[in-house]
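Peer 1: Chains Z and V are the protein sequences, given in the same order.
Position 25 (the first sequence) corresponds to 25 in the numbering used here; numbering is contiguous.
Quick note, the numbering used here runs 125 ahead of the 1-based positions in the second sequence.
Ideal Cβ positions, reconstructed from N, Cα and C, are used throughout, including at glycine.
Protein chains: 2
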Amino acid sequence: MEYTIKQAAERVKLPASTLRYYDKNGLMPLLKKTSYGTRQYSETDIHWLELVRCLKDSGMPLDEIKAFMMLCLEGSATSEQRREMLELHRANIERQMRVLTRSLGVINYKLDHYNEIGIFHIDKD
Amino acid sequence: MEYTIKQAAERVKLPASTLRYYDKNGLMPLLKKTSYGTRQYSETDIHWLELVRCLKDSGMPLDEIKAFMMLCLEGSATSEQRREMLELHRANIERQMRVLTRSLGVINYKLDHYNEIGIFHIDKD
DNA sequence: TTACAAGTTAAAGTTAGGTTTAAGTCAAGC
DNA sequence: GCTTGACTTAAACCTAACTTTAACTTGTAA
């Protein structure tokens, strides 16, 4: 089954303009077009887009996602390199989670002690 | 104890240019300057900056942080409004953590099954 | 008193990740 | 055969959050 850009956009919950932007920036090197130029998203393309969303939503820059894609294209010779990228990214996600957990602790503390707090209490509560 | 911008920058681990930027954009309405114009960071300013970092690092836009600051200046009349802001922000942090957890699961799954994966395996592993 | 370090400003430049616009192509329904 | 709707492109525009630059002032040390 193949999808138009609009259908693909609905499936991965990104605007069509974003899908065009990703394609233009080399994130979809395998994407096919019909003879008169419209993009045709295959199931594989959709799955790749879902991975792109997952990586992007967890803070990987598009540049890096593209680099990962390029390594995929080069086949199994690059699998060790790709594993390393994912491991670095995992560490990065874990770091982000620690930052969020720490901030959440501060917010929760503030909320627990939030009776008549003003600017002059910033350093005391 | 008062700090120069450089000392404050070191304490809160932000570049001095960022501290100037924050001041210029109204995030530091209580910051004092010496008679010849250099910024003087008090302990209270430092604590406020630490809260700014905490909010910013957990994804609150500077606009909103500034709005929060302004409410603080208005005193206890706005405490309910500030509590609401913090509660919305807490919910936002929790949402971010769910996104990260979900992505982490995908990455971990990929890493666990990472033997000879290429582009053509994107949809199968 | 001269030079240096540290501060100041306004304004311009940067980066990431898009979105919007303008002008055009194509196939189908009426 | 004409309009409509979905697609295309290149290029311009946008926003957040800074950073850099250029020109300037000020206090301190030699």
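For chain Z, is any of its Cβ atoms less than 9 Å away from the one on Val-137/V?
Peer 2: no
Peer 1: What does a CB cutoff of less than 7 Å around Gln-40/Z pick up in its chain, not counting 5 residues either side in sequence?
Peer 2: Glu-2, Lys-32, Lys-33 and Thr-34
Peer 1: Quick one: grab the DSSP three-state call for Tyr-234/V.
Peer 2: helix
Peer 1: Under a three-way DSSP split, which group does Ile-149/V fall into?
Peer 2: Reading the sequence as shown, one finds Lys at residue 149/V and not Ile. Lys-149/V: helix per DSSP, three-state reduction.
Peer 1: Tell me whether the beta-carbon of Tyr-161/V lies closer than 9 Å to the beta-carbon of Met-153/V.
Peer 2: no
Peer 1: Three-state secondary structure (DSSP) at Lys-191/V?
Peer 2: helix
Peer 1: So does the segment 131–148 of chain V actually touch the segment 210–222 of chain V, counting three or more Cβ pairs closer than 8 Å?
Peer 2: Contact between the segment 131–148 of chain V and the segment 210–222 of chain V is absent: fewer than three C-beta pairs spanning the two stretches fall below 8 Å.
Peer 1: Is the segment 55–62 of chain Z touching the segment 197–204 of chain V in the sense that three or more CB pairs, one from each, lie closer than 8 Å?
Peer 2: no
Peer 1: I need the straight-line Cα distance from Glu-130/V to Glu-80/Z, nearest angstrom please.
Peer 2: The residue you asked about is not Glu; residue 130/V is Ile in the sequence shown. Between Ile-130/V and Glu-80/Z, the C-alpha separation is close to 46 Å.
Peer 1: Can you give the Cα-Cα distance for Asp-125/Z and His-172/V, rounded to whole angstroms?
Peer 2: At Asp-125/Z the pLDDT is 42, less than 50, meaning the model places this residue with poor confidence and gives no usable figure here.
Peer 1: Inspect the beta-carbon positions of Ser-103/Z and Ser-228/V and report whether they are closer than 9 Å.
Peer 2: no
Peer 1: So with Cβ pairs under 9 Å, would you call Arg-135/Z a contact of chain V?
Peer 2: The requested residue 135/Z is not part of the displayed model; chain Z covers only 1 to 125.
Peer 1: Taking 9 Å as the CB-CB cut-off, is Tyr-161/V touching chain Z?
Peer 2: So, not an interface residue.
Peer 1: By how many angstroms is the C-alpha of Gly-105/Z removed from the C-alpha of Cys-54/Z?
Peer 2: 26 Å
Peer 1: So what does DSSP say about Lys-6/Z, is it helix, strand or coil?
Peer 2: helix
Peer 1: Measure the Cβ-Cβ separation of Gln-132/V and Leu-100/Z and say whether it is below 9 Å.
Peer 2: Taking 9 Å as the cut-off, the beta carbon of Gln-132/V is found no closer than this to the beta carbon of Leu-100/Z.
Peer 1: In the DSSP assignment, find the alpha helix (DSSP H) that holds Lys-181/V and state where it starts and stops.
Peer 2: 168–182
Peer 1: Are the C-beta of Thr-4/Z and some C-beta of chain V separated by less than 9 Å?
Peer 2: Not one beta carbon of chain V lies nearer than 9 Å to the beta carbon of Thr-4/Z.
Peer 1: Cutting at 7 Å between CB atoms, please list the residues of its own chain near Ala-16/Z, excluding the five before and the five after it.
Peer 2: Ile-5, Lys-6 and Ala-9
Peer 1: Taking DSSP's pairing of strands, which residues face Lys-13/Z in a bridge?
Peer 2: Per DSSP, none; premise fails for Lys-13/Z.
Peer 1: Looking only at C-alpha atoms, which of Asp-237/V, Ser-201/V, Leu-155/V and Thr-163/V sits nearest to Lys-191/V?
Peer 2: The residue with the shortest Cα to Cα distance from Lys-191/V is Leu-155/V.
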